[in-house]
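Quick notes on the structure that follows.
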Amino acid sequence: MPSHRRGFRQGEDCGDHGRHRGRHHHQQDPLPDRRGVPHHLLGDLHPSLGDVSPSLFRLLARSALSRILSRRRLPLIVGGSNSFVHALVTRRVHSPESSLHYDCCFIWVDVALPVLNRYLLKRVDDMFDSGMLAELAEFYDSLESGDSALRPGVGIMKAIGVPEFARYFRRGGGDAGEFGEAVERIKYNTCQLAVKQMGKIERLRLGGWEMRRIDATEFFEAVMRGETAEEIWEKRVLMPSVNIVKSFLDGLMVHINYASKECVRASQESQQGPTGLAIERQACSIEDMSWPSWPCIYN
Numbered sequence: 001m002p003s004h005r006r007g008f009r010q011g012e013d014c015g016d017h018g019r020h021r022g023r024h025h026h027q028q029d030p031l032p033d034r035r036g037v038p039h040h041l042l043g044d045l046h047p048s049l050g051d052v053s054p055s056l057f058r059l060l061a062r063s064a065l066s067r068i069l070s071r072r073r074l075p076l077i078v079g080g081s082n083s084f085v086h087a088l089v090t091r092r093v094h095s096p097e098s099s100l101h102y103d104c105c106f107i108w109v110d111v112a113l114p115v116l117n118r119y120l121l122k123r124v125d126d127m128f129d130s131g132m133l134a135e136l137a138e139f140y141d142s143l144e145s146g147d148s149a150l151r152p153g154v155g156i157m158k159a160i161g162v163p164e165f166a167r168y169f170r171r172g173g174g175d176a177g178e179f180g181e182a183v184e185r186i187k188y189n190t191c192q193l194a195v196k197q198m199g200k201i202e203r204l205r206l207g208g209w210e211m212r213r214i215d216a217t218e219f220f221e222a223v224m225r226g227e228t229a230e231e232i233w234e235k236r237v238l239m240p241s242v243n244i245v246k247s248f249l250d251g252l253m254v255h256i257n258y259a260s261k262e263c264v265r266a267s268q269e270s271q272q273g274p275t276g277l278a279i280e281r282q283a284c285s286i287e288d289m290s291w292p293s294w295p296c297i298y299n
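Under UniProt numbering, think of the first position of the sequence shown as 1, with each following residue one higher.
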């Protein structure tokens, strides 16, 4: 989706560690994959800040949403930690039953687990081919230079890839056996994380969030076979997602037009005096009309 109609959409990352500076190949959204679409909350924070709480992310993300919406663009909240998505779109951060603060369209791009695991293993190999080891070496060099604010198991230090290579770099690097073991640990932890995320998505669905599921298994199977899969992506993922979002926005426009007409009618009737219909001007406030802010969650 990001490669199409780039002037209309802007992306925002909900990843737990993607907001820290100095990580590109290491993340699931390297620079070449952004296709010119403006991204927000990627690399904004210094790693020494440690963990970002859901409440802090909510503050930062809603500020970014306001800026995007002020330019009349459609924000997409992409991937990341479900606790952060929940904090952003609900009225209360820590309430599992909290109602949605925005009118939301949730799209769940799903892949059969065996196929997903094979793809994730390949993805890790591709990241190392694209320079991930050099980035990790630079990161660990910065630790040795005195960045003592970073603590094991906190913030970026617990991102997949960092703890797995701690022993490798602590022993000076260069050991092929240590390198292979670290890569295998990354692959295992990445697959485990995918299973956990799928479980969390299912819990959100059971909790009442309407998840529009898109099955992308056929596309990833073609990719793993080395085939050109652009047509499959267009047919199975892109166009169904576009149609879902279009239907969602069309429904919001119907709501807006109806609410606007009610506002005008209420204003006219309120001028008839106290004997008119009991619709007050206050009922036409933006807040009472539940004016949509249109964030879409794209997983």
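Note that beta-carbon positions come from the ideal geometry of N, C-alpha and C, so glycine has one too.
Residue i, buried or exposed, once every other Cβ within 10 Å from all chains shown has been counted against 16
i           : result
SER99       : exposed
HIS25       : Unreliable positioning characterises HIS25 in this predicted model, as indicated by a pLDDT of 42, which lies under 50. A coordinate reading is not provided.
THR228      : exposed
LEU88       : buried
LYS235      : exposed
SER55       : exposed
residue 306 : Residue 306 lies beyond the residue range present for the chain, which begins at 1 and ends at 299; the question has no answer from this structure.
GLY79       : buried
SER66       : exposed
GLY161      : buried
MET132      : buried
SER53       : exposed
ALA176      : exposed
ASP141      : exposed
MET239      : exposed
PRO75       : buried
SER241      : buried
ALA134      : exposed
GLY273      : Only weak support is given to the placement of GLY273: the predicted model assigns it a pLDDT of 49, under 50, and the value that follows is read from those uncertain coordinates. Result: exposed.
Expected contact under 8 Å - CB spacing of residue i and residue j to nearest Å
i      : j      : result
LEU136 : PHE165 : 5 Å
CYS105 : VAL245 : 6 Å
GLU218 : ILE232 : 6 Å
ILE214 : ILE107 : 6 Å
ASN117 : LEU204 : About 22 Å; that fails the 8 Å criterion.
VAL93  : ALA216 : Rounded, the Cβ-Cβ distance is 31 Å, inconsistent with contact.
VAL237 : VAL85  : Wrong, their Cβ atoms sit about 20 Å apart, outside the cutoff.
LEU120 : CYS191 : 6 Å
ALA64  : LEU42  : Contact flag wrong, Cβ pair sits at about 11 Å.
VAL124 : PHE220 : At roughly 15 Å, the Cβ-Cβ gap does not stay under 8 Å, so VAL124 and PHE220 are not in contact.
Residue range of the alpha helix (DSSP H) that includes residue i
i      : result
PHE106 : Run containing PHE106: none in the alpha helix (DSSP H); it sits in the beta strand (DSSP E), 105 to 110.
PRO114 : 113 to 129
ALA137 : 132 to 144
ALA64  : 54 to 70
Bridge partners - residue i, DSSP secondary structure assignment
i      : result
PRO38  : Bridge partners of PRO38: none, in fact.
VAL237 : Answer is none; VAL237 lacks a bridge partner.
THR90  : LEU100
Continuous beta strand (DSSP E) stretch holding residue i: start and end
i      : result
ASP215 : 211 to 215
Proximity test, Cβ basis, 7 Å: residue i and chain C
i      : result
ASP103 : Among the chains of the structure shown, chain C does not appear; only one protein chain is present.
Taking only runs of the alpha helix (DSSP H) that begin and end inside the region 157 to 185, which ones reach a length of at least 4 residues, in chain order?
166 to 170
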